[in-house]
Structure formats: C-alpha cells, structure tokens
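The opening position of the sequence shown corresponds to residue 1 in full-length UniProt numbering, with each subsequent residue numbered one higher.
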Amino acid sequence: MTGGPSHASSRPPAVILAGGRSSRMGHPKAEVLLGGRSMLMRVIERLRPQVGETAVNLNSDPALVPATDLEILPDTLPGFLGPLAGVLAALRHAALNSPEASHVLTVPVDTPFFPTNLAARLTTAIHSATEIAVAFSAGEMHPLFALWPVALADDLEAWLQTDEKRRARGFIARHASTSVKFPLIPTAAGPLDPFFNINTPEELHQAEAWLHRIEDCGT
Numbered sequence: 001m002t003g004g005p006s007h008a009s010s011r012p013p014a015v016i017l018a019g020g021r022s023s024r025m026g027h028p029k030a031e032v033l034l035g036g037r038s039m040l041m042r043v044i045e046r047l048r049p050q051v052g053e054t055a056v057n058l059n060s061d062p063a064l065v066p067a068t069d070l071e072i073l074p075d076t077l078p079g080f081l082g083p084l085a086g087v088l089a090a091l092r093h094a095a096l097n098s099p100e101a102s103h104v105l106t107v108p109v110d111t112p113f114f115p116t117n118l119a120a121r122l123t124t125a126i127h128s129a130t131e132i133a134v135a136f137s138a139g140e141m142h143p144l145f146a147l148w149p150v151a152l153a154d155d156l157e158a159w160l161q162t163d164e165k166r167r168a169r170g171f172i173a174r175h176a177s178t179s180v181k182f183p184l185i186p187t188a189a190g191p192l193d194p195f196f197n198i199n200t201p202e203e204l205h206q207a208e209a210w211l212h213r214i215e216d217c218g219t
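Put into structure tokens, the structure is as follows:
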C-alpha cells in the first residue's frame with residue numbers, strides 16, 4: 001500500500017477480544033488448551049512484540065482464564081452485544097490510556113496463527129485518522145483483525161444500540177476502509193489460512209494438527 005505517511009502509531013495499542021460466550025466450545029476460549037498451552041497465552045505471545053499497550057476484553061470471571069498481567073476490559077455496554085462491543089471497549093480504553101494513538105488493533109482470542117507482521121502491515125496501510133484497516137486472506141475479510149479509529153467510538157456505540165444485526169462488516173461498510181491482503185502459511189500438508197479460527201472442539205482438533213505441521217516446518 002502506498003500513498004502517504006501512516007496516521008497510525010507503528011506500535012498501536014491492542015486489545016484481544018475474548019468477551020464472547022463460547023457457547024459452541026462449552027467454556028471460555030481463552031482457557032482452551034492448544035498444544036498444551038492456553039489460546040490466550042499463545043495469542044498474547046504472538047501479539048505483544050507487534051504492539052504497544054495490550055489489554056484483554058473479557059466478560060467472564062477473570063479467575064476462569066489463565067493468569068496474565070494484562071488489564072481486563074469488560075464490555076462497556078450491557079447485554080452481550082457481540083464482538084463489536086469488545087471493539088467499543090477497546091476504543092474507549094485507548095482514548096483514556098493511549099491518548100496519542102489514533103487507532104487501536106483488535107485480534108480475536110480464537111485465532112492463534114495470525115500473522116506476526118499483522119500490526120505493521122495494517123499500520124502502513126492507514127492514511128487517515130478515521131480510516132479502518134482490515135485484514136484479508138484467500139479473498140475473505142477478517143473484520144475483527146483490524147485497526148479501528150478511536151474517533152469512531154461514539155458512532156460505534158450508537159450503531160450497536162440501534163442496528164439489529166450488529167455485524168462488523170456492516171459497521172465497516174459505513175466508513176472509509178482499506179484492505180490488507182495476507183498470504184497463506186506454507187506447510188508440508190498444504191497452505192494454512194493464518195486467520196483459521198477455533199469455534200468448536202472439531203476445529204480445535206484441526207488446529208492441533210496444523211500446529212504440529214507449522215512447528216515441523218519451523219514457520
């Protein structure tokens with residue numbers, strides 16, 4: 001992406017989205033073990049070298065998830081309004097704690113293979129303080145892997161309270177955005193989408209297999 005200097009910090013603040021009910025997994029995804037380690041810890045370790053201040057959006061009892069030194073952010077709106085409520089919590093937190101930041105990065109806790117250059121590439125794509133940068137792979141949008149303008153917090157809050165579907169794609173469509181395409185991860189068993197996410201026990205089993213393949217390839 002070219003066009004001008006980035007308006008986002010090279011190491012933006014970030015929030016891990018772990019505020020969902022995890023109904024298909026049966027217990028909080030943050031504590032689900034992948035390769036003997038919690039998904040939350042795997043995501044933290046993959047994310048932290050890329051960003052500045054990091055926090056976790058969580059609505060369950062913090063005692064139920066692995067110990068972390070990160071700040072826990074519950075949704076700012078009641079009613080489990082979906083992942084965009086976690087994005088709103090991230091924007092509010094960034095406004096208070098990282099006032100110099102124009103954007104905040106979000107990543108879901110259930111996607112442990114996301115790119116190690118995610119923040120850098122999304123940041124480079126930003127050319128306006130009100131532009132959203134969104135990750136794509138294999139022709140698909142991954143709307144929760146995005147840099148969100150802090151300035152959109154009030155609009156997002158109003159939209160969450162009035163839109164029936166509250167879909168991330170719907171909110172992104174209302175605003176200026178740029179797409180950033182990421183390649184698949186090569187493995188001996190074929191390419192892996194870095195945004196492969198884990199919603200069910202069956203997908204957790206698949207992720208275990210992918211993890212071994214990635215480790216075998218040294219990726």
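From the three backbone atoms N, C-alpha and C, an ideal C-beta is built for every residue, glycine too.
- Distance from the CA atom of ARG11 to the CA atom of THR54, rounded to whole angstroms, is 11 Å.
- In this chain, the beta strand (DSSP E) harbouring PHE136 covers 132-137.
- In this model, LEU118 and GLU45 are separated by some 13 Å (Cα to Cα).
- Under the DSSP assignment, LEU84 falls in the alpha helix (DSSP H) whose first and last residues are 83-97.
- Counting of Cβ neighbours within 10 angstroms places PHE80 among the exposed residues, the total staying below 16.
- For THR54, the enclosing beta strand (DSSP E) stretches over residues 54-57.
- Taking a C-beta distance under 8 Å as the contact criterion, TRP148 and ILE126 do not qualify as a contact pair.
- Between VAL43 and ALA90 a beta carbon distance of about 14 Å is seen, past the 8 Å cut, so the two are scored as non-contacting.
- A direct Cα-Cα distance of roughly 7 Å separates THR76 from ALA85.
- Here the stretch 190-207 lies against the stretch 103-112, with 3 or more beta-carbon pairs under 8 Å apart.
- Looking at the backbone, the Cα of SER60 and that of THR68 are separated by about 15 Å.
- In the three-state DSSP reduction, ARG37 falls in the strand class (E or B).
- Around the beta carbon of PRO201, a 10 Å sphere encloses fewer than 16 other beta carbons of the protein chains shown; the residue is thus reported as exposed.
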